[in-house]
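Quick note, this note's numbering runs 19 ahead of the 1-based positions in the sequence shown. C-beta atoms are modelled at their ideal positions from N, C-alpha and C, and glycine is treated no differently. A quick write-up on the structure given underneath.
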Amino acid sequence: MSPDSLIIHPSNHVTLTCPITAFNVSIEYSHAFDQIVSVKGRIVIKLGGGLITNKNKAKTLDKDAINKVCEVINILKEEKYKIIIVHGAGSYGHILSKEMKISEGINHDIRDKQIKAVKQIRENMRELNNEVIDSLKKVNLNSIGFPPSIWAKNIGKEFTGDISIFEKKLDGEIPICFGDVVDRDDEKEFGILSGDDLMYRLSIEIPDVNFTIFLLGDVDGVMDKPPDNSDAKLISNWKNNDSIQTSHNSDVDVTGGMDLKLMRASEIAEKIDNVWFLNGNRPERILQLVRTGSAIGTKINP
Numbered sequence: 020m021s022p023d024s025l026i027i028h029p030s031n032h033v034t035l036t037c038p039i040t041a042f043n044v045s046i047e048y049s050h051a052f053d054q055i056v057s058v059k060g061r062i063v064i065k066l067g068g069g070l071i072t073n074k075n076k077a078k079t080l081d082k083d084a085i086n087k088v089c090e091v092i093n094i095l096k097e098e099k100y101k102i103i104i105v106h107g108a109g110s111y112g113h114i115l116s117k118e119m120k121i122s123e124g125i126n127h128d129i130r131d132k133q134i135k136a137v138k139q140i141r142e143n144m145r146e147l148n149n150e151v152i153d154s155l156k157k158v159n160l161n162s163i164g165f166p167p168s169i170w171a172k173n174i175g176k177e178f179t180g181d182i183s184i185f186e187k188k189l190d191g192e193i194p195i196c197f198g199d200v201v202d203r204d205d206e207k208e209f210g211i212l213s214g215d216d217l218m219y220r221l222s223i224e225i226p227d228v229n230f231t232i233f234l235l236g237d238v239d240g241v242m243d244k245p246p247d248n249s250d251a252k253l254i255s256n257w258k259n260n261d262s263i264q265t266s267h268n269s270d271v272d273v274t275g276g277m278d279l280k281l282m283r284a285s286e287i288a289e290k291i292d293n294v295w296f297l298n299g300n301r302p303e304r305i306l307q308l309v310r311t312g313s314a315i316g317t318k319i320n321p
């Protein structure tokens, strides 16, 4: 039988153009089907800190929000997508970081308190990470956490560290990382590596990424005004030179808020076609997006 005798369509049905044996059909169909499954690619998802915690109240978890997202991730895995998860710090990291000025680096006037706070924040972040791992277990998904304080150094999108661990050192597990306090090579000694910077590097350096999705809390996407304004409207398509009013709670957030998210998302969109901001409390929209190419939310353009 020639290779042209069997056509595998995207819908996974087979067209036979000449009589062939069932044995040959089985072998060639299996090989072609494996190729079709493999092209589904990889999705990098960020669970925003404002989605999975109450950012204004220390170590306050929204377990229900995490569980709902994990249920959708389970469906994505069943549909043969590979998943990488990044999550924010929310109230497990930002409040103490702000109080102890961790993002500014070492302050010798309060050095001892800062060192203690760095240790506490790292412990808090692993605790939050374990909550995500636990929710994934409830839907029979194995995952593994990669705390940046172990494998990464320095801050910003040019941080150093072996990104390949998110692709190679796995046995079917979903890799997870998060914004964290990391060591620095300069005189500041430590700083905060944002989950948005991790999203950028993972999206552009790990192969086969075809969706990068930022899940927000209680907002459908990028709004033209801060979402607490009654006349705020959803922007369905956003590009880097679009002017909007963003809200940044500088009393709590220590990593740049929505402005940094938009900057990194726009940079990702230079290489990834599907970069989206979606409402994390409506995780079914993730399925709508990957199945149809569109959903209620904001598509980010370069």
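Host alpha helix (DSSP H) of residue i (start-end)
{"i": "K280", "result": "G276 to I287"}
{"i": "N93", "result": "K82 to E97"}
{"i": "S116", "result": "H113 to E118"}
{"i": "I305", "result": "E303 to T311"}
Continuous beta strand (DSSP E) stretch holding residue i: start and end
{"i": "H106", "result": "K101 to H106"}
{"i": "G321", "result": "Checking the displayed sequence, the identity of residue 321 turns out to be Pro instead of Gly. P321 -> no beta strand (DSSP E), and no H or E assigned at all."}
{"i": "G210", "result": "F209 to L212"}
{"i": "R61", "result": "R61 to L66"}
{"i": "V201", "result": "D199 to D202"}
Exposure of residue i, with buried meaning 16 or more beta-carbon neighbours within 10 Å
{"i": "P226", "result": "exposed"}
{"i": "Q264", "result": "exposed"}
{"i": "H127", "result": "exposed"}
{"i": "I232", "result": "buried"}
{"i": "K138", "result": "exposed"}
{"i": "R130", "result": "exposed"}
{"i": "K65", "result": "buried"}
{"i": "I169", "result": "exposed"}
{"i": "T274", "result": "buried"}
{"i": "N149", "result": "exposed"}
{"i": "S213", "result": "buried"}
{"i": "N31", "result": "Because N31 carries a pLDDT of 46, less than 50, the predicted location of this residue cannot be relied on, and the following value inherits that uncertainty. Burial call: exposed."}
{"i": "G191", "result": "exposed"}
Close beta carbons around residue i, own chain, < 7 Å, minus the five adjacent residues each side
{"i": "E303", "result": "V91"}
{"i": "T79", "result": "T72, N73 and S110"}
{"i": "H267", "result": "Low local confidence applies: a pLDDT of 47 at H267 is under 50, so the model's placement there is unreliable, with the coordinate-based value given in what follows. Within the same chain, H267 has close Cβ partners G276, M277 and D278."}
{"i": "V88", "result": "L66, L234, G299 and P302"}
{"i": "K76", "result": "S110"}
{"i": "D199", "result": "R141, M144, P166, P167, S168 and L212"}
{"i": "D204", "result": "K172 and N173"}
6 Å Cβ shell around residue i - same chain, five flanking residues per side excluded
{"i": "K252", "result": "D243"}
{"i": "L279", "result": "D215"}
{"i": "G60", "result": "D227 and N229"}
{"i": "T179", "result": "K172 and N173"}
{"i": "V333", "result": "Residue coverage of the chain in this structure runs from 20 to 321, which leaves residue 333 outside it and unanswerable."}
{"i": "A288", "result": "V294, I319, N320 and P321"}
{"i": "N86", "result": "S154"}
Own chain partners of residue i with C-beta closer than 8 Å, once the 5 adjacent residues on each side are dropped
{"i": "R301", "result": "D239 and I315"}
{"i": "I193", "result": "I92, K96, I102, I103, I104, L155, L160, N161, S162 and I163"}
{"i": "I291", "result": "S222, I223, V228, N229, F230 and T231"}
{"i": "D250", "result": "K244"}
{"i": "T308", "result": "Sequence inspection shows Leu at residue 308; the Thr mentioned does not correspond to that position. Here the set comprises F230, I232, N293, W295, L297, A314 and G316."}
{"i": "I125", "result": "Q133, E206, K207, E208 and F209"}
{"i": "G69", "result": "G107, G109, L235, G236 and D237"}
{"i": "F165", "result": "I184, F185, P194, I195 and C196"}
{"i": "D83", "result": "none"}
{"i": "Y219", "result": "K176, R283, E286 and I287"}
{"i": "D261", "result": "I254"}
{"i": "G312", "result": "N293"}
Bridge partners - residue i, DSSP secondary structure assignment
{"i": "V294", "result": "T231"}
{"i": "I193", "result": "S162"}
{"i": "L253", "result": "M242"}
{"i": "G180", "result": "A171"}
{"i": "T317", "result": "F296"}
{"i": "T72", "result": "L80"}
My parser needs the alpha helix (DSSP H) runs of 4 or more residues fully inside the region 129-155; what are they? Runs of the alpha helix (DSSP H) inside the region 129-155: none found.
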